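Reading through the structure tokens given below for one structure.
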Amino acid sequence: MPEGSAPLVTLPSPDLLPTPSASPHPHPSSAQSAPASLSEQLRHLERARAALDAGDGATAERLVDEYEARYRGGAFVQEAEVLRIEASLQRRNRARAERLEATFLEKFPKSPHAARVRALLDSNP
Numbered sequence: 001m002p003e004g005s006a007p008l009v010t011l012p013s014p015d016l017l018p019t020p021s022a023s024p025h026p027h028p029s030s031a032q033s034a035p036a037s038l039s040e041q042l043r044h045l046e047r048a049r050a051a052l053d054a055g056d057g058a059t060a061e062r063l064v065d066e067y068e069a070r071y072r073g074g075a076f077v078q079e080a081e082v083l084r085i086e087a088s089l090q091r092r093n094r095a096r097a098e099r100l101e102a103t104f105l106e107k108f109p110k111s112p113h114a115a116r117v118r119a120l121l122d123s124n125p
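At position 103 of the sequence shown the residue is numbered 103 (full-length UniProt numbering), and the sequence of numbers has no breaks.
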């Protein structure tokens with residue numbers, strides 16, 4: 001190769017190239033979109049946690065509601081429910097927190113969050 005010239009790149013034959021999809025905007029693969037979606041979900045719940053930490057249970061509950069509406073069946077459903085229980089307790093709505101606890105333990109009996117959910121209610125008489 002002569003000095004200063006770029007190396008040659010071999011391109012595949014046009015017959016071997018994939019056929020373009022029918023849609024002008026192909027959907028990204030789930031592997032490509034999953035990390036962004038997970039990070040978005042996590043950021044949403046981090047905002048709810050920050051609201052709780054600031055003593056704003058109403059905002060935390062609203063953010064959990066938004067999370068569930070936007071990411072129905074999302075990766076952090078259990079974490080969202082725990083935040084909702086905490087927000088209910090912070091807002092002094094123990095009856096609601098107890099209902100949420102019962103529903104959580106019924107839906108997710110083997111959840112790694114189950115002990116925490118029980119402890120939340122036990123520590124907030």
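We put the beta carbon where it would ideally sit given N, CA and C, even for glycine.
Computed from a predicted model, the values in this text were never measured in an experiment.
Tell me whether the beta-carbon of alanine 75 lies closer than 8 Å to the beta-carbon of leucine 38. yes
Hey, threonine 59 and alanine 51: beta-carbon distance below 8 Å or not? yes
Going by other Cβ atoms of all chains shown within 10 Å of its Cβ, with 16 needed for buried, is residue 128 buried or exposed? Lying before the first or after the last residue shown, residue 128 is absent from the chain, which here runs from 1 to 125.
Enumerate in chain order the residues of its own chain whose CB-to-CB distance from glutamine 41 is below 8 Å, with the five nearest sequence positions on each side excluded. Tyr67, Tyr71, Gly74, Ala75, Phe76
Name the two residues that bound the continuous alpha helix (DSSP H) containing tyrosine 67. 57 to 70
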